[in-house]
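Novice: For the sequence shown, counting from 1, position 299 maps to 299 in the UniProt record's numbering; every step adds exactly one.
Cβ atoms here follow ideal geometry from the backbone N, Cα and C, with glycine treated the same way.
A quick note: this is a predicted structure, and the numbers were derived from the prediction, not measured.
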Amino acid sequence: MPRPPAKESEDRLIMPVNLEGLRFWLTIMQEHAVFIRAFLPAENRDLRDEAQRFCQAFGTLLTRAERVQSSSKFRELASETEVLVKDFYRFNRRLLQMSLAGNLCGALYPLFLDHLSREAAYFLLLLQSVCAGKQPYGVMSQPEEILFWVRLMGDHGSFLRQMLDPSERSLICTAEEFAREFDGLYLQGTDYISILRGGNIVPSFTRYTQDTRVASQRMRDFNRALYNMINDNRVLSIIPALMADHMRREADHFLLTLAMIEKKLASCPDIAADAVLTGSILQPLLAPESALGVPIVPSYANAAASTVSANLKAKAKASMKAAAASALAAENAAVTPAAFLTIDDEDEDDDRINDIEAQAPDFPPDPEPEPEPVAPKVSGDKKKDSATVAKTKADSSTAKKHKWNSVWPNPLGFGKKT
């Protein structure tokens with residue numbers, strides 16, 4: 001009796017694209033830790049040591065990722081990576097809050113730290129997608145995915161501009177042009193997210209995608225040229241060669257993600273529905289951190305993140321109870337949802353309006369229209385006619401003066417001769 005064909009074990013199946021994406025982002029996170037340690041001042045030894053520990057931990061996971069051969073081992077590695085990335089995200093946000101409070105020196109710009117934390121948040125979304133058996137491309141809707149990367153590319157241009165020597169005017173101008181171009185693409189992308197909400201991709205957005213691809217290709221080539229010039233010592237800057245190559249690889253990854261989305265090799269979630277029409281007004285459009293399970297708190301160096309998170313949870317519960325009590329009171333009072341003001345509030349507003357009207361100054365009434373001047377009679381005698389005309393003008397001027405004084409008196413005597 002012939003044996004039935006052996007079924008391929010699910011434990012041996014692993015998607016190469018998932019593994020490749022995991023390796024790529026582990027490398028990116030490790031290099032982020034290297035940059036943080038390099039840009040921290042020497043006196044911040046504790047922070048530098050912490051950054052070094054993250055660098056070693058990501059290196060260990062990267063080594064394991066090179067040897068993983070089964071689906072179960074891959075899921076185990078992804079789960080451990082998720083825990084480490086959450087800790088690294090908190091570390092980035094803590095450094096950012098220290099910088100904003102003026103407690104961190106060195107070359108770590110606040111936007112640079114925010115940039116690193118945004119990439120860590122994106123990696124966490126990717127890990128959730130990988131653990132669910134999906135491809136690590138298209139973790140957000142297509143407009144949101146493109147917008148995320150466009151902002152990263154714009155940040156890269158700004159960072160390079162700040163780290164070039166002031167004498168490198170041509171390269172600074174090029175980096176500035178890239179930053180300005182991607183800033184414009186970012187604003188256009190935010191418009192498309194609002195325009196396409198609850199709809200489908202339109203041809204004009206396809207053109208926007210092509211513009212983004214062309215700009216990203218030129219940005220990648222600029223990073224590659226800059227990397228070669230740094231290695232050949234042909235440029236004056238404080239840019240590490242690893243950072244230029246890091247930015248080049250991220251641009252390449254964006255172009256790969258874009259190509260896979262356009263060729264339907266990676267599926268993106270649907271565009272977010274219109275929050276007003278669906279009744280979910282508070283639905284976030286670009287809030288990947290809210291789905292990460294990471295407490296978004298201002299964790300300073302002297303405050304434990306767990307304590308702050310507990311306080312926020314307590315305040316959230318109290319706020320929810322207060323909102324429920326307020327809603328119940330409004331329902332018992334039979335106040336319609338359209339009435340944004342209670343009766344007492346309306347009466348109070350009427351009283352305020354009356355007070356304002358009572359304090360308004362009494363402006364004088366509009367002056368009556370002046371009668372049309374009557375031409376003086378001409379008798380034929382030149383001297384007599386001249387005297388008649390002069391008398392008529394004088395009488396008219398005196399009448400105007402008396403009329404204005406009667407409408408708006410001048411008790412302080414402005415304009416009078418002393």
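Measure from the alpha carbon of P115 to the alpha carbon of each residue in F35, G21, D252, then state which is nearest.
Specialist: This sequence places His at residue 115; Pro is not what is there. It is F35 whose Cα lies nearest to the Cα of H115.
Novice: Just the Cα atoms here: how many angstroms apart are A305 and C55?
Specialist: At A305 the pLDDT is 41, less than 50, meaning the model places this residue with poor confidence; the figure from the coordinates comes in the next sentence. Approximately 22 Å, taken between the alpha carbons.
Novice: The alpha helix (DSSP H) with P110 in it runs from where to where?
Specialist: Run containing P110: 110-131, per the alpha helix (DSSP H) assignment.
Novice: Between the alpha carbons of Q97 and N231, how many angstroms are there, rounded?
Specialist: Approximately 34 Å, taken between the alpha carbons.
Novice: Helix, strand or coil for L236, going by three-state DSSP, please let me know.
Specialist: Residue state, collapsed to three classes: coil.
Novice: If we require 4 or more residues per run, which alpha helix (DSSP H) segments fall completely within the segment 23-99?
Specialist: You should have 45-67.
Novice: Are the CB atoms of V83 and L77 nearer to each other than 7 Å?
Specialist: Not a contact, by the Cβ cut-off of 7 Å.
Novice: With burial defined as no fewer than 16 other Cβ atoms inside 10 Å of the residue's Cβ, what is the status of P143: buried or exposed?
Specialist: The residue in question, P143, is buried, as its Cβ has 16 or more Cβ neighbours within 10 Å.
Novice: Go through its chain and collect everything with a Cβ distance to M163's Cβ below 7 Å, but skip five positions before and after it.
Specialist: Same-chain partners within the cutoff: S237, I238, I239.
Novice: Does DSSP put F205 in a helix, a strand or coil?
Specialist: F205 falls in the helix class under three-state DSSP.
Novice: Which of the three DSSP states, helix, strand or coil, is assigned to L258?
Specialist: Reduced to three states, the DSSP call for L258 is helix.
Novice: In chain order, what residues of the same chain lie with their CB nearer than 6 Å to the CB of E20, ignoring the 5 residues before and after it?
Specialist: No residues qualify anywhere along the chain.
Novice: DSSP three-state label for L160, please.
Specialist: In this structure, L160 counts as helix in the three-state DSSP scheme.
Novice: Cα separation between A287 and R75?
Specialist: Confidence in A287 is poor, its pLDDT being 46 and thus under 50, which makes the residue's placement unreliable; the coordinate value appears in the next sentence. One C-alpha to the other measures close to 25 Å.
Novice: Whose C-beta lies closer than 7 Å to the C-beta of L113 among residues of the same chain, with five residues either side of it excluded?
Specialist: The answer, listed in chain order, is N92, L95, L96, S99.
Novice: How is the alpha helix (DSSP H) around A179 delimited, first residue to last?
Specialist: Note, A179: alpha helix (DSSP H), 169-195.
Novice: Does the beta-carbon of S141 have 16 or more other beta-carbons within 10 angstroms, so that it is buried, or is it exposed?
Specialist: Its Cβ being crowded by 16 or more others within 10 Å, S141 is buried.
Novice: Report the CB separation of G154 from Y109 in whole angstroms; it is logged as a contact under 8 Å.
Specialist: Their Cβ separation, rounded to whole angstroms, is 14 Å, which puts G154 and Y109 out of contact at 8 Å.
Novice: Apply the 10 Å Cβ neighbour rule to A339 and answer buried if 16 or more other Cβ atoms are within range, or exposed otherwise.
Specialist: Its pLDDT being 37, under 50, A339 is placed unreliably in this model, and the value from its coordinates should be taken loosely. The residue in question, A339, is exposed, as its Cβ has fewer than 16 Cβ neighbours within 10 Å.
Novice: Just confirm the distance between the C-beta atoms of L255 and R224, as a whole number of angstroms; I'd bet it's less than 8 Å.
Specialist: The pair is not a contact, with the Cβ atoms about 13 Å apart (cut-off 8 Å).
Novice: Give a yes or no on contact between the segment 41-56 and the segment 119-133, applying the rule of three or more CB pairs nearer than 8 Å.
Specialist: They do not touch, by the three-pair rule.
Novice: Alpha carbon to alpha carbon, what distance is there between H156 and L226?
Specialist: Taking the straight line joining both Cα atoms gives about 12 Å.
Novice: What do you get for G199, buried or exposed, if any count of 16 or more other CB atoms within 10 angstroms of its CB means buried?
Specialist: Looking at its Cβ environment, which holds fewer than 16 other Cβ atoms inside 10 Å, G199 is exposed.
Novice: Taking the beta carbon of T174 as the centre, do at least 16 other beta carbons fall within 10 Å, making it buried, or is it exposed?
Specialist: By the neighbour-count rule (16 or more Cβ atoms within 10 Å), T174 is buried.
Novice: Determine the DSSP secondary structure at D245, reduced to helix, strand or coil.
Specialist: Helix at D245.
Novice: Just to confirm before moving on: does the CB-CB distance between G106 and P41 stay below 7 Å?
Specialist: Taking 7 Å as the Cβ cut-off, G106 and P41 qualify as a contacting pair.
Novice: Taking Cβ positions, are R248 and R220 nearer each other than 7 Å?
Specialist: Yes; because the gap between Cβ atoms is below 7 Å, this pair is in contact.
Novice: Using the rule of at least 16 other Cβ atoms within 10 Å of the residue's Cβ for burial, across every protein chain shown, is S194 buried or exposed?
Specialist: Result: exposed.
Novice: Can you say whether Q30 is buried or exposed, counting buried as having 16 or more other CB atoms within 10 angstroms of its CB?
Specialist: Classification of Q30: buried, given that the 10 Å Cβ count is 16 or more.
Novice: Assuming L124 and K86 are in contact, meaning their beta carbons sit under 8 Å apart, how far apart are those beta carbons, in whole angstroms?
Specialist: Contact holds; Cβ gap of about 7 Å.
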